[in-house]
Amino acid sequence: MFTGPDNQGSRVHILDKERLARLKGANDNRSDQYALDDVRTVTMRRTLEKSGVEVKVKVPVTEFTAVAVSTRISEDGILTSAIHLIHPDEDFNYLVFEETGNDNVVAEWQNWGRKLRLPLYIRAGDGQLMPYSQQVDGVLLGEVSARRKTLAGANRRPRFLNRRKPGDLTQIG
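Numbered by our numbering, the letters in the sequence shown go through residues 43 to 215 in order.
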């Protein structure tokens, strides 16, 4: 559909409340309906293959599925790192950051993932995406394992109830 990964003239729009209020139309009667906290789109310029016409495509950030980091080494031995927004249709994958070396790429990659609330992936040399293990305050997120049940204590009263004696209803009255 589109030719090449040319992102010249493309940009990412992240609108906050103040900027959104300035951009509203004067006769907008539905202010609360569209006054979202985060209105986010990615505007890409692409050239159609058959006609050669350049078009602008606005893609909502919610359509992207992940933030991926990749590195490559040129024939001259220069390391280049890049961060892409991953879309289900590969024509819409978007380069958001690129640098020579890898000084800031990890921080940028994590910031993009946190800001856009997208999972982080690492692009392998063969193009496959591998998920990055997510951690929250030192706790690894993943599959939940079932708690261990012991058969020995299955029919017992819990320890805190052992200190109490069951009531006798015959003494009431």
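Every residue gets a Cβ at the ideal spot worked out from N, C-alpha and C, and that includes glycine.
The C-beta distance from residue 83 to residue 103 rounds to 7 Å, short enough to meet the 8 Å contact threshold. Taken atom to atom, the span from the alpha-carbon of residue 106 to that of residue 87 is near 17 Å.
Annotation: the segment 76-147 contains the following complete segments of the beta strand (DSSP E) (minimum length 3 residues), in chain order: 81-89, 96-102, 108-115, 121-128 and 136-142. When DSSP states are grouped into helix, strand and coil, residue 201 belongs to the helix group.
Counting other Cβ atoms within 10 Å of its Cβ, residue 125 reaches 16 or more and is therefore classed as buried.
Burial is judged here by how many other beta carbons sit within 10 angstroms of a residue's own beta carbon; residue 167 has fewer than 16 and is exposed. Comparing alpha-carbon positions, the option among 127, 132, 143 and 146 lying closest to residue 160 turns out to be 127. When C-alpha distances from residue 136 are compared across 122, 200 and 154, the shortest belongs to 154.
Counting the other CB atoms within 10 Å of its CB gives residue 147 a total of 16 or more, which places it among the buried residues. The Cβ atoms of residue 162 and residue 152 sit closer than 8 Å to each other. Short of 6 Å from the beta carbon of residue 140, and not among the five residues preceding or following it, lie these beta carbons of its own chain, in chain order: 124. Using a 10 angstroms sphere on the CB of residue 95, the tally of other CB atoms stays under 16, which defines it as exposed. For residue 173, the uninterrupted beta strand (DSSP E) run begins and ends at 171-173, by DSSP. Membership of residue 162 in the beta strand (DSSP E) is indicated by the continuous run 162-165. 8 Å or more divides the Cβ of residue 110 from the Cβ of residue 198.
In the three-state DSSP reduction, residue 209 falls in the coil class, being neither helix nor strand.
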